[in-house]
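Going by this note's numbering, the residue at position 118 of the sequence shown is 359; the numbering climbs one at a time, nothing skipped. We put the CB at the ideal spot given by N, CA and C, even for glycine. Read the structure below first, then the notes.
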Amino acid sequence: MSALKDLLTRLIQADGPMPVSTFMTLCLHHRDFGYYATRPGVGRDFITAPESSQVFGDMIGLWLAQCWSDLGRPSSLQLAELGPGRATLMADALRATRPLDGFHAALSLSLVEASPPLRSLQAEKLEAYGPGWIEDISELAPGPALILANEYLDCLPPRQFVHTGDAWCERMIGLTPSGTLAFGLSKGVPPIGEQPLPDGKTTKLEIQPGLETLTEHLRLRADAGHPFAALFIDYGPATTPPGDTLRAYYQGRQIDPLARPGDSDLTVDVDFARLAHLGRQAGLSVHGPVQQGPFLLSLGAEAHLNRLARTAPDGGEALYRATRRLIDPEEMGARFKVICLSHGLNFTPVGF
Ligand SMILES: C[S@@+](CC[C@H](N)C(=O)[O-])C[C@H]1O[C@@H](n2cnc3c(N)ncnc32)[C@H](O)[C@@H]1O
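If you want it as structure tokens, here you go:
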């Protein structure tokens, strides 16, 4: 039995079954045995858009530069990224914007990263930009800000609720009589947060309390009078609640979420409708969600790809293949959504 499985078993024996959110938090972030804390597998267990094609980071760089320009080219700008992983997105975005007069001089770069090994990688890769690390965006310095997060929201642990016919129950993780981790239900727990009323069809809800924390931090920033645009890219439905989407990835394969705690990445679909609702409730402007494919195309991804391919050693074949995956509606182009929550802008951010 792995050290984390052993710990989870002892915790459940001592305290009883735990909510899915507690399980996922321990699996991802336990200091000694957690997946991100000890052996994050970006590129091994799963591959993200910036790791697939530089066109992604280049287009995000363009988005940042356009927002900065539309903000009136402020001489000081907070740039923050949540969950930067191997820092490829930020490195590409900053390389792509280097020629833009005054942009880099204005930037203060802050990163929110839970994983110590990934922090070290980020320090190495972004050394030239002097990044600082903060616990969350409530610590971001005052002033205009641009905030980015790609495949960060899907890591925020959810609580899961199931309607059994007469009552809501919370999905828990407990032990079978032989001591194996197993899902079960805790009776009579009403769903947290503001929910769509049970319509007889909704029998499964997955709620990420972290979305509330995030929009609350943005609300406080807006209340303090600092303009910002926060761009979130992730997978999930645009208008319907996701239901039960908890899954695990290990070496590129989807596996049972209870099979390899601490060794596999755990993830859920993001409820974009709920994020948009929370954003509006917090008094923010909400742009999107739009699909990733059209978003990248509207920023000029096709022309940029053609330009890069001209000088690529293989005629750009690998780059074309990787970039098409990001745009193609049958692959990541429709499943991934882009949403922007903003405050104090007198323009609509490019791409929406
Ligand atoms: C799926 S990876 C995405 C990495 C990167 N954005 C990319 O697109 O390649 C998730 C990132 O979020 C970080 N992360 C996950 N949960 C976090 C949390 N609660 N606080 C801060 N960072 C977190 C992980 O360590 C990792 O850097």
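Spatial neighbours of residue i in its chain, beta-carbon cut-off 7 Å, leaving aside the 5 residues before and after
i	result
A544	none
C308	L387, A470 and P590
Q533	I474, L567, M573, G574, F577, K578 and V579
Q363	P325, A328, L352, E354 and P372
T289	V283, G326, N391 and E392
Y491	D286, R501, D504 and S505
CA-to-CA distance, residue j to residue i, given in whole angstroms
i	j	result
Y276	D510	19 Å
S316	A346	8 Å
P357	L267	15 Å
L538	A563	15 Å
F473	R251	37 Å
L570	G257	Residue identity differs from the one stated: residue 570 is Pro in this sequence, not Leu. Their Cα atoms are separated by approximately 44 Å.
L367	V353	14 Å
F264	L452	18 Å
S379	R460	10 Å
T481	L318	35 Å
V430	E447	13 Å
Y600	G557	The chain is shown only over 242 to 593; residue 600 falls outside these bounds and no answer can be derived.
H584	G324	22 Å
Q295	L330	8 Å
P417	D377	In the sequence on display, residue 417 carries Thr and not Pro. Looking at the two C-alpha atoms, the distance is approximately 38 Å.
T508	A559	28 Å
H270	L249	13 Å
K428	T443	17 Å
L397	A278	15 Å
L525	T454	14 Å
D485	A369	42 Å
P468	P502	40 Å
G282	R565	23 Å
F536	V403	34 Å
P385	W409	43 Å
Close beta carbons around residue i, own chain, < 6 Å, minus the five adjacent residues each side
i	result
L320	L348, L350 and L387
L499	L422
R576	Y476
E604	With the chain covering only 242 through 593, there is no way to say anything about residue 604.
G520	T456, V527 and L582
D311	F588
Exposed unless 16 or more other CB atoms sit within 10 angstroms - verdict on residue i
i	result
P554	exposed
P340	exposed
K246	buried
F588	exposed
R515	buried
K578	buried
E435	Caution applies to E435, whose pLDDT of 49 falls short of 50 and renders its modelled position unreliable; the value that the coordinates give is listed next. Exposed, since its Cβ has fewer than 16 Cβ neighbours within 10 Å.
R551	exposed
G343	exposed
R494	exposed
G574	buried
E411	buried
W374	exposed
D395	buried
H405	The identity of residue 405 in the sequence shown is Thr, whereas the question assumes His. So T405 counts as exposed.
G313	exposed
S243	exposed
D407	exposed
D497	exposed
R548	exposed
Q401	buried
Q449	buried
Residue nearest to residue i in terms of C-alpha spacing, selected from the options
i	options	result
M413	N587, L487, A355 and L305	L487
G420	S243, Q254 and A244	Q254
T456	F513, R272 and E392	F513
P327	R314, S361, S294 and A306	It should be noted that the sequence gives Arg, not Pro, for residue 327. Here the closest residue by C-alpha is S361.
E322	A332, E292 and A479	A332
L381	A471, Y490 and D273	A471
A489	V261, G524 and P291	V261
A334	E365, F297 and C410	F297
P530	G371, P281, T508 and A517	A517
L586	R521, A290, L397 and A463	A463
P399	P385, K445 and A390	K445
L389	S505, A306, P432 and W409	A306
Neighbourhood of residue i by C-beta distance below 8 Å, restricted to the same chain and skipping five residues each side
i	result
L540	M300, L303, W304, V591 and G592
Y561	L546 and A550
A465	P383
P483	E447, G477, V509, D510, V511 and D512
G425	P258, R412, M413, I414 and G415
D273	A244 and T279
| Which parts of the stretch 309 to 366 are runs of the beta strand (DSSP E), unbroken and 3 residues or longer, counting only runs that do not cross its ends? | 318 to 323 and 348 to 353
At 3 residues or longer, and completely inside the stretch 512 to 554: list those beta strand (DSSP E) runs for me, N to C. 526 to 532
**Prompt:** Counting only runs that start and end within the stretch 262 to 304, where is the alpha helix (DSSP H) found for 4 or more residues in a row?
**Reply:** 276 to 279 and 290 to 293
Quiz item: Which runs of the alpha helix (DSSP H) fall wholly inside the stretch 556 to 586 and span at least 4 residues, in chain order?
Solution: 558 to 568 and 573 to 576
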